[in-house]
Amino acid sequence: MLREWWRGGLALLLSALVCVLVAVAAGGPGVLEQLAGQALGSRLEQAQRLAPGVVHSARFDPEEARIGAESDLGADLDGYAQAIENSTPRSLRGALVHDSTRVQLPTVRGAGAALSLVYASDAPGQEAYVAGRAPRARGEAIELAVSTRTRDALRLRVGQRVPLSAGALENVHAVGRVTGIFRAAGERRLWREQPLLARPLPGVAGARESAGALIAPRGAELLQNQAGAELTVHWNMRLALDGAAAARFVGERGEREFRRAMARHPLSARESTCRFGGYGGKSCVIGVHPATELETATELPDVFEEFLRRWRQATVVISFASASLLGVGLAAVVVTSLLVVRRRLLADRLLRARGASAPGLALARAAWNAPAAALGFGTGCAVAGAVPGTSPAYGRGLVVAVLCWLLLPLLTWDAVRDRVVLRERTPGRAGRRLVAEAVVLLLAAGGVFALRARGIDGAAGAGGAVGMSGADGADGAAGGEGIPGVEGVAGALGPDPLLAAVPVLLGLAAVAVLVRCYPWPVRLAARWSGRGRGVVGLVALSRAAKEAPARGLTLLVLVVTLAGAVFGGLVSGTLAEGLRSAAAWQVGADASFLGAGRDPDMAARLARARGVRETVAVRQLRVDPVSGTDGGRYGISSLIGVDAVELREAAGSSAAARALRDAGLTGGGRGREIRVLASEGRVGDLLTFTRHGKEVRLRIAGPLPEGVERDPALGPVRGATEARQHLLLTDNGDLGSFAASEFEESALLLYGERLDAGALRSLVPRAAPGTATGELRIRTEEQAEADDDGLIAAVDTAHTACTALAVLLALLALVLELLLSAPARGRTVAYLRTLGLGGRATSALQLLQLLPMVLAALAGGIALGLALPALLGPALDLREFTGGPTAPDRHVDALFTVALAAGLCVLVAVAVAVETWLGRRRGLGAVLRLGRTDD
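Numbering-wise (this note's numbering), the sequence shown opens with residue 182 and increments by one.
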């Protein structure tokens, strides 16, 4: 009864393992698709959190009276918005929707402030008003609505008349009337994009206070007619994709469809709103207003391209995790099959002695294993089918199930074939082992070399070049409007065979090296232990060295599992640190304002904002100097000027400020030459370039110290352009003769421990795509966006799930292997017990016998996991995830690694304790047999 129960339990265990492996192989592409869709949807949502994704705009003139034509600007703008939304391509229908319509007038003077008047279709409803109502289109009155903060600052009340006079909007003489007071609360996009509507800003250096007010379309129309000015209307669109909808655009066919849809939408919107448009003129109409054709600005295609590049790198990490999981699972199936073979070995040898053939026994074992494999395949396919998204890859699941099914008959045939039964010792056995190890090492080296030579573009980058041609509608889905096919997405998201094979090959190579190497120190330790009085160390270490080749499968399981876990922890830690460093590089300080040279007034207001302690100006020129001695080209370079003294005071750890101070370049030079620190060149070399017909001389005062190129203070201006051949650094005092318009980029770095991000953002809101305004970056916002990165979360989720399942399978394989080798250890312990060995010595013997294998597995797994990023080379570029000047420094999760090692040691200790307890309850006759010589 016990024997039948044991055989039935092993059959169920095999079925469960087949179920897990089939579910992973068949359902993996669907899970990967869902993760990709969720990450893409999160990235698009993040990109549109503070600014609309697509902005259609048109410029229109004052109304022209026409016979029989009535002017209702609000209705005309709504009609345009409806036409634009209806022109959305079918693949984006319901996802790319109209969000708001905005008309912002130039400022006028009123109530003692500079008023920014805005019509917004997404203005708050009546429930947000604490007094009065929203502006309406009533005759010739210009109705205004202000926030409670603006009311308090300007001392306004409902019904009050506000004279409006010319400001930036000229020729205005009108009277406005306050009709409502609203509460600007919550996270409404309108308050973020138009912060003056929420709260006014005090004037700087005698300037008027700035405030915002809502108006009706008719009010904007009346002021436009008075001023005779041209206004611009913006129709803001947002692309909202959930995980399932976004997943359709991740595959190769989906990439082409997304590019095609985003390229076609502006053309369709232009045709639907102005069929007889022309280039440059106002040949269209918005009601009775002559208007230009629609102009479209969007950053979503760039966001999509950036996501695809990062996702291709993410698939490398996920592919390694899934491949490690499959490898460990197959190893667990092998150990379970070996356990079945061991349990039936005596009976099979008896059948062989009675005339049964080895192939016949193997076929019988295949028939016995077929129901378990079929049950596991069916259950695994059912689990994979429950995953939403694409249909499961049943073909991959069938291959895995057949492989698992064939392992048991193959191992049975190998155990009962003639050479094994007759115990023939062939002289070429050692040679075959050497050949097998050499083949494994060559395959692993070849796989790594092929992966490094191909990079990631060979597997996933082919869609990029094809997709660009598809944007013109020349190729892709039939008709150009179809939803991407499931098979295209599944194929693109399927595992790359080379990526899947490399971790297993590297694990096999590591095991081959470990099995050859770790017995040597173990034998030395055994010899040293033999000099003592006890026999426990000598026997345990001697058997550990002798049984090293037999531990290859266990070593493979542990090495692959540990390597995958350490690699995942290394990637996660590196990405976390890299994102923080990249945020510091992009901002440069606690906050920074890019475009300070183009908008010096705004830069001055930011410098006086609440919480700003220090400010530093950083400017960059593009120069192409030549040698002043032989006239040879030096190379295109970035000439960056910083306020060295101010930077030293604001950020004492700045490498750039320290380098300029040590070279004596602070405060600028007094001569006609610009002294620079150069990334290449000899001290004293002269470089020249021409500016406005005059020669500018650069004198190299010293080399650029290491670390300056990675100084965050230079990040805002350096990140605005492509990397140049050389970097030249000087003090801003030496660049005083250059006009602000000559600088390629300029930034004002803002330092302060208690910066008021809300006050800064109210001065410079997030700009919509296509606007040529300065950009304000705040470190806390950048870090919050980095922490909310959906792609990093998807990678962590996938790798954590695969690692956890691999660890469970590895524990199962280890326990089964201990069960498989328990009889041999039991006989050894029984022999020693007959010689008087005690219980504690027995436990120590078993622990010492397993300890070398555990230490070898820890060393090999951790070393392989840490070496994987270097081995992969260009196939894994973590800079795609983080950005920044260089690839992020590797950050090893030491706590996670120590926890893995400690967990493995605890597992072995528990196994030894259980086996010792079982050995005490077992009689010597249960394991000792007279005449046995097979151990």
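For each residue, glycine too, the CB sits at the ideal point set by N, CA and C.
*Hey, H873 and G816: beta-carbon distance below 8 Å or not?*
no
_DSSP three-state assignment for N417, whether helix, strand or coil_ = strand
*Count the other CB atoms within 10 Å of the CB of N406; is the residue buried (16 or more) or exposed (fewer)?*
exposed
*For the alpha helix (DSSP H) containing K727, list its first residue and its last residue.*
V717 to K727
_Restricting to Cα atoms, I'd like to know which of T735, P700, V740 and L739 is closest to A721._
The option with the nearest alpha carbon to A721 is P700.
*Identify whether H1072 lies in helix, strand or coil by the three-state DSSP scheme.*
coil
*Answer yes if the segment 506–517 comes into contact with the segment 994–1004, meaning at least three C-beta pairs across the two stretches below 8 Å, and no otherwise.*
By the Cβ test, the segment 994–1004 is in contact with the segment 506–517, since at least three Cβ pairs between them sit closer than 8 Å.
*Just grab the DSSP bridge partners of A392 for me.*
L296
_Please list the terminal residues of the continuous beta strand (DSSP E) segment that includes E956._
E956 to I959
_Whether or not the segment 622–638 and the segment 743–757 are in contact is what I'm after, with contact meaning three or more pairs of Cβ atoms, one per stretch, closer than 8 Å; do they touch?_
no
*Please go through the same chain and pick out, in chain order, the residues whose beta-carbon is closer than 8 Å to the beta-carbon of A731, but skip the five residues on each side of it.*
S1002
*Rounded to a whole number of angstroms, what is the C-alpha to C-alpha distance between R598 and L587?*
16 Å
*Residues sharing a beta bridge with E795, DSSP*: Y932
*Where does the unbroken beta strand (DSSP E) through L909 begin, and where does it stop?*
H907 to D912
*Check whether the Cβ atoms of V797 and D824 lie closer than 8 Å to each other.*
yes
_Beta-bridge pairing of T902 - partner residues as DSSP gives them_ = The partner list for T902 (beta bridge, DSSP) is empty, contrary to what the question assumes.
*Alpha carbon to alpha carbon, what distance is there between L1059 and A764?*
15 Å
*Take every Cβ of the segment 490–502, pair it with every Cβ of the segment 557–569, and state whether three or more of those distances are shorter than 8 Å.*
no
_Quick check for students: name the residue ranges of the beta strand (DSSP E) that lie wholly in the segment 452–540, counting only runs of 3 or more._
465–467, 470–472 and 476–479
*To which residues does DSSP link S922 through a beta bridge?*
S922 is bridged by DSSP to nothing; it lacks a bridge partner.
*Taking the alpha-carbon positions, what's the L1049 to L213 distance?*
22 Å
*Taking R330 as part of the alpha helix (DSSP H), name the residues at either end of that continuous run.*
T329 to L335
*Per-residue DSSP class, three states only, for Y815*: coil
_Between which residues of its own chain and E938 is the CB-CB distance below 8 Å, once the five residues before and five after are set aside?_
Inspection of the sequence shows that residue 938 is occupied by Ala rather than by Glu. Cβ within range, chain order: A772, I959, T961 and E962.
*Between D912 and V359, what straight-line distance do the alpha-carbon atoms span, to the nearest angstrom?*
52 Å
*Going by DSSP, what residues sit across from I323 in a beta bridge?*
According to DSSP, residue pairing for I323 in a beta bridge involves G357.
*Helix, strand or coil for H873 per DSSP?*
Three-state DSSP puts H873 in coil, outside helix and strand.
_Taking the alpha-carbon of A554 as reference, which of L194, V414, T477 and L1028 has the nearest alpha-carbon?_
L194
*Along the chain, where does the alpha helix (DSSP H) that runs through F748 open and close?*
G733 to V768
*What residues match up with Y310 in a beta bridge as DSSP calls it?*
Among the bridge pairs identified by DSSP, Y310 is matched with F363.
*asked:* So if DSSP puts L775 in a beta bridge, which residue, or which two residues, is it bridged to?
replied: A928 and E956
*For L1052, which residues from the same chain have a beta carbon less than 6 Å from its beta carbon, with the 5 sequence-adjacent residues on both sides left out?*
V629.
_Rounded C-alpha distance that separates G645 from R437_ = Summary for G645: the model assigns pLDDT 37, below 50, so the residue's position carries little reliability; its value from the coordinates is reported in the next sentence. Roughly 8 Å separates the two Cα atoms.
*the segment 341–351 / the segment 277–285 touching (three or more Cβ pairs under 8 Å)*: no
*Three or more C-beta pairs below 8 Å linking the segment 788–806 and the segment 925–940*: yes
*Should G971 be labelled buried (16 or more other beta-carbon atoms within 10 Å of its own) or exposed?*
buried
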